[in-house]
Amino acid sequence: MNKFQRWLFSLHLGIVLFILISIYAVFATLLPQGLPVAYYLEQYHFGAVIIAFGLHDAYSSWIFRLFMMLLMINLTGCTIKLIPSQRKRYRPDFSPSPKPNAENLWNELLIFDQVKNKFSKKGFKWFQKDGETWGVKHRFGVFASTVTHIGIIIIVMGSFVGNFFAQEGFFNLIPDEQAVFHENNFSVQLDDFYLDFREDNSVKQYYCDLTVLRNGESVKETTIWVNRPMKFNGIQFYQASYGWASRLKITDNEGNEAMNRFLRNDESVFFEPAHLTIHLFGYFPDFAMGHNEMPLTMTEREVNPHYAVVLYHFGEFVDSFIMNPNQSFTYQGYEITFSDSVLYTGLIYRRDHGYYFVLLGCFLLMIGLIMAFYTYPKYILMRKNELYAVTRQNAWGFSMWVKNQLKS
Amino acid sequence: MGWLFYEELFFMLAFAGYIVASIAFFVLLVSSKEKVGKFAVAATSVGFALHTVAMFVRIIESGRLPFSNQYEFANSFTWGIVLCYLAIHFYYRFTAVGAFVMPLAFLMMGYASLLPRHVRPLMPALQSRWLTIHVGTAVVSYGAFAVACGLSVLYLLNSKKSQDNQKKKLLPDQEAVDFLSYRVAAFGYLMLTIVIVSGAIWARSAWSRYWAWDPKEVWSLITWLIYSVYLHLRFNRGWKGKPAAWFSIIGFACVIFTFIGVNMFLPSIHSYV
Ligand code: HEM
Chain A
934 MNKFQRWLFS LHLGIVLFIL ISIYAVFATL LPQGLPVAYY LEQYHFGAVI IAFGLHDAYS
994 SWIFRLFMML LMINLTGCTI KLIPSQRKRY RPDFSPSPKP NAENLWNELL IFDQVKNKFS
1054 KKGFKWFQKD GETWGVKHRF GVFASTVTHI GIIIIVMGSF VGNFFAQEGF FNLIPDEQAV
1114 FHENNFSVQL DDFYLDFRED NSVKQYYCDL TVLRNGESVK ETTIWVNRPM KFNGIQFYQA
1174 SYGWASRLKI TDNEGNEAMN RFLRNDESVF FEPAHLTIHL FGYFPDFAMG HNEMPLTMTE
1234 REVNPHYAVV LYHFGEFVDS FIMNPNQSFT YQGYEITFSD SVLYTGLIYR RDHGYYFVLL
1294 GCFLLMIGLI MAFYTYPKYI LMRKNELYAV TRQNAWGFSM WVKNQLKS
Chain B
1028 MGWLFYEELF FMLAFAGYIV ASIAFFVLLV SSKEKVGKFA VAATSVGFAL HTVAMFVRII
1088 ESGRLPFSNQ YEFANSFTWG IVLCYLAIHF YYRFTAVGAF VMPLAFLMMG YASLLPRHVR
1148 PLMPALQSRW LTIHVGTAVV SYGAFAVACG LSVLYLLNSK KSQDNQKKKL LPDQEAVDFL
1208 SYRVAAFGYL MLTIVIVSGA IWARSAWSRY WAWDPKEVWS LITWLIYSVY LHLRFNRGWK
1268 GKPAAWFSII GFACVIFTFI GVNMFLPSIH SYV
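Residue numbers (my numbering), protein chains in the order written: chain A, 934 to 1341; chain B, 1028 to 1300.
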């Protein structure tokens, strides 16, 4: 290996990268993420520096990707580099050597074969060569760091590739509406959406009854709630948000229906015949007037329903109303009402097969850590009148354990 | 009288127990009397028992584990610290370590006592069995890091003082303190890994993404990276003693910031814990 490779695959570089990534992440948490570039340039003295280092969108910036790529190269190289020596240490005839200053645990009262027996019972296997006798346990622990490191590599690569191919989106549905997934040839229909309340009228849970339709036929029916998504065709569907939609009806002075549709809170519609923009400021199921003259709702139960509506004519404010479902107002001969409020639900969907790789990586990572901290290789080395407890990971703890065993 | 009254009563008694224990541990450091040490450990144990009762009362009252807001978590965190300390004490007989761990427990409990303690029903995102694993391991992990930090402080102070014989007998051997702090931190690190992994699995079932770079997530990752550096330096570079002790203290500062600082200073979807 040349000098550059040695550096690229060194623990030294690994640690430098850990520290750089940590510092970068600290800065990133101090800044709001993902806003337009102009915002940072205006708000911060060092706006240009923030943009140059990609800190406004830290985790997809070139610099962060560079760090991660270097870390992967470094970790992969380092792990491969270590494998030969680990395989050597794994071989049954590998004989450990005590550190020069290791404490000799032998004493006169001990009997060689008894000691061997005692530790055999604790799972040690004994070997002998060139006047040395040694017992070993947890030999497979030599691969702890390799297992851990492979876990990390799978997590990082899996999440990166997974995110690259991930499919994600948001839609909201009023009961009986459908969202169509053309590419996958199915659609998701919301049959019902309802809230479960506690005694104090706070929301306990949100439920969606969903049906998946393929070529007009139901292929799956299920109820989802927060923490219980639906899975279909590799896509997960999540209950994410909700709101009210209310029926807007406009009738002309002969009683003909001129408009009949749902408006969501804070949604506007333009009514061509009267050049009128109708803005449903909000539906308040349990209406009250807040102290700053803003309408609000006490709970999500329909106890005292009211609508707040604002009218604009060619963009100019005309009037605003607060009314209940039985009331109406008239504008240029058109009668306008709101009624039949229903809850709609916001659903997030996401397909990300990287997740399964990440899970696998996490599993290896945890197994590797347990191997490194607990089932690390342990040796008891005996010569004539000498006994050493040898291990790389936990010299103090292991020799204390051996001492305790010898005492009894 | 309601459950809340009894919870508060036992909480306050436990708090008093921890204060007495902290003071006694300091007296122990100054006077080096073995009796004082025994008393300090007894006060800690009694405080811990009372604390456990307080936690049980709350569990009965709310019908779930006390894991779902800042008060409950600070309270559980304190419990985790004392639990880890007592485990270490009874296994290794390191009495004096209490002088550096109990003040942390007492400060954390003081912080808990300032927070609103109403029992609130769980919001939908928290209604998951992952809550138990995620926060349960966090309590143990943070407790272990606190003890590792206490051991490191002990190490640093101890290496400054000239040691008379009496003290030497009382304070554990420096090498043992150093090693133990490493072992405890390694355990905390394993637990922290489980916290992060279980959090990711939970986030995927609640929020659709297993990792969203939320500040709380990022700070727990930073903490994890710091301890990763610590473990590697120790294992591969033979880092020991003072520099390692400083590293473990910095790691614990990160733990505290992840727990308290992120809520105070950074906007986060983890706002309930
Ligand atoms: C966050 C990611 C990482 C984790 C969780 C991790 C974990 C571990 C663990 C658990 C061990 C065994 C050490 C012990 O028993 O105390 C280890 C060893 C080691 N790690 Fe890492 N590691 C990571 C990243 C890296 C990186 C980036 C490098 C740099 C190239 C690296 C280099 C090494 C080396 C050289 C060893 C010694 C292995 C041996 O002698 O068998 N690690 N690592």
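Where a beta carbon is used, it is the ideal one built from N, C-alpha and C, also for glycine. These numbers come from a predicted model, not from an experiment.
Neighbourhood of residue i by C-beta, 8 Å cutoff - its chain only, sequence neighbours within 5 removed
{"i": "A:L996", "result": "The sequence given here has Ile at residue 996 of chain A, not Leu. Contacts found: Y957, F986, G987."}
{"i": "B:F1037", "result": "L1077, H1078, V1080, A1081, V1084"}
{"i": "B:L1131", "result": "I1108, A1173, C1176, G1177"}
{"i": "A:S1261", "result": "E1268, I1269, T1270"}
Three-state secondary structure (DSSP) of residue i
{"i": "A:I1044", "result": "coil"}
{"i": "A:G1176", "result": "strand"}
{"i": "B:L1036", "result": "helix"}
{"i": "B:E1244", "result": "helix"}
{"i": "A:F1103", "result": "strand"}
{"i": "A:V1094", "result": "helix"}
{"i": "B:V1146", "result": "coil"}
{"i": "A:T1308", "result": "coil"}
{"i": "A:K1058", "result": "strand"}
{"i": "B:M1291", "result": "helix"}
{"i": "B:V1300", "result": "A caution first: B:V1300 carries a pLDDT of 43, below 50, which makes its placement in the model too unreliable to give a value."}
{"i": "A:A1322", "result": "strand"}
{"i": "A:Q1338", "result": "helix"}
{"i": "A:V1243", "result": "strand"}
{"i": "A:M934", "result": "coil"}
{"i": "A:Q1138", "result": "strand"}
{"i": "A:H1212", "result": "strand"}
{"i": "A:E1116", "result": "coil"}
{"i": "A:S1018", "result": "helix"}
{"i": "A:Y1277", "result": "strand"}
{"i": "B:L1141", "result": "coil"}
Contacting residues, own chain, Cβ-Cβ under 6 Å from residue i (five flanking each side not counted)
{"i": "B:V1300", "result": "At B:V1300 the pLDDT is 43, less than 50, meaning the model places this residue with poor confidence; the figure from the coordinates comes in the next sentence. Excluding positions up to five away in sequence, the list reads F1100."}
{"i": "A:F1170", "result": "P1162, M1163, L1280, Y1282"}
{"i": "A:T1066", "result": "M1315"}
{"i": "B:Y1254", "result": "Y1216, G1278"}
{"i": "A:N1237", "result": "D1219, F1220"}
{"i": "A:T1012", "result": "T1079, H1082"}
{"i": "A:F1290", "result": "I1087, G1091"}
{"i": "A:V1075", "result": "Q1019, R1022, Y1023, P1310"}
{"i": "B:C1111", "result": "G1170, A1171, V1174"}
{"i": "A:N1186", "result": "G1266"}
{"i": "B:F1274", "result": "Y1257"}
Contacting residues, own chain, Cβ-Cβ under 7 Å from residue i (five flanking each side not counted)
{"i": "A:G980", "result": "Y973, L974"}
{"i": "A:I1016", "result": "T1079"}
{"i": "A:T1155", "result": "L1143, M1163"}
{"i": "B:Y1138", "result": "A1101"}
{"i": "A:E1200", "result": "L1213"}
{"i": "B:A1051", "result": "V1063, F1066, A1067, A1070"}
For residue j and residue i, believed in contact at Cβ under 8 Å, the rounded distance
{"i": "B:F1121", "j": "B:V1282", "result": "Between B:V1282 and B:F1121 the Cβ distance is about 21 Å, and since that is not below 8 Å, they are no contact."}
{"i": "A:F1124", "j": "A:P1108", "result": "Checking the sequence, you will find Asp at residue 1124 of chain A rather than Phe. A:D1124 to A:P1108, Cβ: 7 Å. Contact."}
{"i": "B:M1218", "j": "B:T1159", "result": "Incorrect: roughly 14 Å between the Cβ atoms, too far for contact."}
{"i": "A:M1299", "j": "B:I1221", "result": "7 Å"}
{"i": "A:I1088", "j": "A:G1294", "result": "3 Å"}
{"i": "A:E1319", "j": "A:W1039", "result": "5 Å"}
{"i": "A:G1287", "j": "A:A1099", "result": "7 Å"}
{"i": "A:S1028", "j": "A:K1062", "result": "6 Å"}
Bridge partners - residue i, DSSP secondary structure assignment
{"i": "A:M1192", "result": "A:I1183"}
{"i": "A:M1222", "result": "A:P1228"}
{"i": "A:N1237", "result": "A:D1219"}
{"i": "A:Q1111", "result": "A:Q1122"}
{"i": "A:Y1127", "result": "A:Y1140"}
{"i": "A:F1271", "result": "A:L1181"}
Contact with chain D by residue i, beta-carbon distance below 8 Å
{"i": "B:R1231", "result": "Judged by its chain identifiers, the structure shown contains no chain D, and its protein chains are A and B."}
Along the region 1082-1100 of chain B, what residues have a CB closer than 8 Å to any CB found in chain A?
none
Please list the residues of the region 1062-1085 of chain A that have a C-beta atom closer than 7 Å to any C-beta atom in chain B, keeping them in chain order.
none
For the region 1113-1143 of chain A, which residues have a beta carbon sitting closer than 9 Å to at least one beta carbon of chain B?
R1131, D1133, S1135, V1136, K1137, Q1138, Y1139
Residues of the region 1028-1061 of chain B with Cβ closer than 8 Å to any Cβ of chain A, in chain order
none
Between the region 1149-1161 of chain B and chain A, which residues of the former have a C-beta closer than 7 Å to a C-beta of the latter?
P1151, A1152, Q1154, S1155
Pull out every residue of the region 1153-1173 of chain A whose Cβ sits closer than 8 Å to any Cβ of chain B, in chain order.
W1158, V1159, N1160, R1161, P1162, Q1169, Y1171, A1173
Please list, in chain order, the residues of the region 1293-1322 of chain A that have any C-beta partner in chain B closer than 9 Å.
C1295, F1296, L1298, M1299, L1302, I1303, A1305, F1306, Y1307
Near-chain B residues of the region 968-1001 of chain A - C-beta to any C-beta below 9 Å:
A991, Y992
Taking only beta carbons into account, state which residues of the region 1196-1227 of chain B come closer than 9 Å to chain A, listed in chain order.
E1202, A1203, D1205, F1206, L1207, Y1209, R1210, A1213, F1214, Y1216, L1217, T1220, I1221, I1223, V1224, A1227
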